[in-house]
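A quick write-up on the structure given underneath.
In UniProt numbering, the protein residues as written are 1 to 225.
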């Protein structure tokens, strides 16, 4: 009994002093492990959603800018793309996560019916079920956050060429940032990931600009003839 009391007092002093007994001392500590994997997955999905919004709206605005000089058309097209893309992302995420939710819920019910899990385990499993509406809202907000970057870059610039270059510059800076953050979350090489994302973004904007300009010229010549 005296040995047990001494052991508890030593353990208390170690905890108060900020030290922890080693496993070799024969004392087992209750360690609370925090699982950050879900947070990392959510953050990574948010970064990818923002990257989609940035690249989609920047490319769309570059395509419109290839054939229209006025800022109003370019900005309104970007705003329409922002709302349309955010709604599309939200609905797609809602349907996808609801499917996952239904599958996991049916699996949980089967486990409950077989009696292999207790009431506490069932409650814990239910708390871990994904939230479709939360996922949809996060996806829409992430897309909108990325899409707002090229819009802010273009809305206050009157000169057409300067506006186009401003969209490219703002999108490029944001792409590098998203590439860096994605690499950090995925523990990948930062420089390679950032360059890869940047080159992909440039390619998307250039292809959209070039093909829109080409189609505009083809249709204009066809209408003249």
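From the three backbone atoms N, C-alpha and C, an ideal C-beta is built for every residue, glycine too.
Open item on the list: At the level of alpha carbons, what is the spacing between residue 222 and residue 54?
Closed with: Take the alpha-carbon of residue 222 and the one of residue 54: they are about 34 Å apart.
Which same chain residues, not among the five before or five after residue 175, have their C-beta less than 6 Å away from its C-beta? 197, 198 and 201
Would residue 150 and residue 170 qualify as a contact pair, given that the criterion is a beta-carbon distance under 7 Å?
yes
Worksheet item: Got a sec, what are the start and stop residues for the alpha helix (DSSP H) residue 190 sits in?
Response: Looking at the DSSP string, the run of the alpha helix (DSSP H) that includes residue 190 is 190 to 224.
Could you tell me the distance, in whole angstroms, from the CA atom of residue 185 to the CA atom of residue 179? 10 Å
query = Between residue 142 and the rest of its own chain, which residues show a CB-CB distance below 6 Å, the 5 nearest in sequence each way excluded?
reply = Closer than 6 Å at Cβ, skipping near neighbours: 46, 49 and 50.
According to DSSP, simplified to helix, strand and coil, what is residue 164? helix
- Over the uninterrupted alpha helix (DSSP H) stretch that includes residue 149, give me the two end residues. 132 to 154
**Request:** Grab me the residues of residue 2's own chain with a C-beta within less than 7 Å of its C-beta, minus the 5 sequence neighbours each way, in chain order.
**Result:** Note on residue 2: pLDDT 44, under 50, position unreliable in the model; the coordinate value appears next. For residue 2, where only same-chain residues beyond five positions count, there are no Cβ hits under 7 Å.
Quiz prompt | residue 162, buried or exposed, once every other Cβ within 10 Å from all chains shown has been counted against 16 | solution = exposed
In three-state terms, what does DSSP make of residue 66? coil
Apart from the five residues on each side of it in sequence, which residues of its chain come closer than 7 Å, Cβ to Cβ, to residue 77? 60, 61 and 64
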